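Below is one structure, written out as structure tokens; the observations come after it.
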Amino acid sequence: MNLKKFRITAAAGKKSLGVFLDRLDMLVPEDLPVVVAKIDAAVWQKVDCTTCANCCKTMTPTYKKSDVLRISAFLAITPQEFVSRWLHKEEETGDWVNNTQPCQFLVDNKCSVYDVRPKDCAQFPHHNSVPFDDYNETFKNNLALCPATYLLVNKLKKIVERDYEWD
Ligand code: SF4
Ligand code: SF4
98 MNLKKFRITA AAGKKSLGVF LDRLDMLVPE DLPVVVAKID AAVWQKVDCT TCANCCKTMT
158 PTYKKSDVLR ISAFLAITPQ EFVSRWLHKE EETGDWVNNT QPCQFLVDNK CSVYDVRPKD
218 CAQFPHHNSV PFDDYNETFK NNLALCPATY LLVNKLKKIV ERDYEWD
């Protein structure tokens, strides 16, 4: 994954894709889940997360109590030690998040706690979360961060504008 090239492409295209996502809120085709699933499958033929890891480098997951318990057990440390070493509570949201980016668990571009990673990471980039359009704000924020989301929304825009009444 050439992240430098992706950033240039995303910077140029994210505005129009953001406008599309805003308008999608008003349209929401009935067969959207089927269309999204098809595009998503094609996206993962092109994108290899192990050569990217941009989410782990630039964002933080949110940690639920169950995540802290599971990962600290895996690391053989106490949950208190886990929290004091790596996390803080975000003032605005009350979410537990990483102190630093890249994520402390990213080692050689791979997740060193992959099998027990936070649920938030396991669900990222939320392409299969339902309903899809509930995540429009998330997708908008991630257009310039996640190559897979950028490709998905770009392709979705082309298909929706071609196949559906849009005005
Ligand atoms: S989910 Fe997106 S940002 Fe994260 S590694 Fe995969 S393509 Fe990159
Ligand atoms: S826990 Fe793993 S998957 Fe999640 S941000 Fe950290 S390195 Fe990435």
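To convert, take the position in the sequence shown, counting from 1, and add 97; that gives the numbering used here. No residue lacks a Cβ here, since even glycine has one placed at the ideal position from N, Cα and C. For clarity, every value in this text was computed on a predicted model and none was experimentally measured.
Residue burial classification, residue i (beta-carbon count within 10 angstroms, cutoff 16)
{"i": "Met156", "result": "buried"}
{"i": "Tyr211", "result": "exposed"}
{"i": "Arg167", "result": "buried"}
{"i": "Ala107", "result": "buried"}
{"i": "Asn225", "result": "exposed"}
{"i": "Arg259", "result": "exposed"}
{"i": "Ala138", "result": "exposed"}
Proximity to residue i [Cα-Cα], best of the options
{"i": "Asp230", "options": "Ala107, Val132, Lys111, Lys112", "result": "Val132"}
{"i": "Phe103", "options": "Leu253, Val144, Tyr261, Asp122", "result": "Val144"}
{"i": "Ala134", "options": "His223, Asn239, Arg259", "result": "His223"}
{"i": "Val246", "options": "Phe171, Ser163, Gln220", "result": "Reading the sequence as shown, one finds Thr at residue 246 and not Val. Nearest option by C-alpha distance: Gln220."}
{"i": "Val227", "options": "Lys112, Leu114, Val125", "result": "Val125"}
Proximity of residue i and residue j at Cβ, strictly below 8 Å
{"i": "Cys150", "j": "Asn206", "result": "The amino acid at residue 150 is misidentified as Cys; the sequence shows Ala. Yes, they are a contact pair."}
{"i": "Cys243", "j": "Cys152", "result": "yes"}
{"i": "Ile136", "j": "Leu253", "result": "yes"}
{"i": "Asn251", "j": "Gly110", "result": "yes"}
Touch test, the region 144-161 against the region 190-201, Cβ-Cβ under 8 Å, three pairs minimum: yes
Three or more C-beta pairs below 8 Å linking the region 167-184 and the region 199-214: yes
The region 224-244 in contact with the region 115-135 per 3-pair CB rule at 8 Å: A contact between stretches requires three or more CB pairs, one per stretch, nearer than 8 Å, and the region 224-244 meets this requirement with the region 115-135.
Uninterrupted beta strand (DSSP E) stretches inside the region 146-220 (no shorter than 3 residues): 184-186, 193-195
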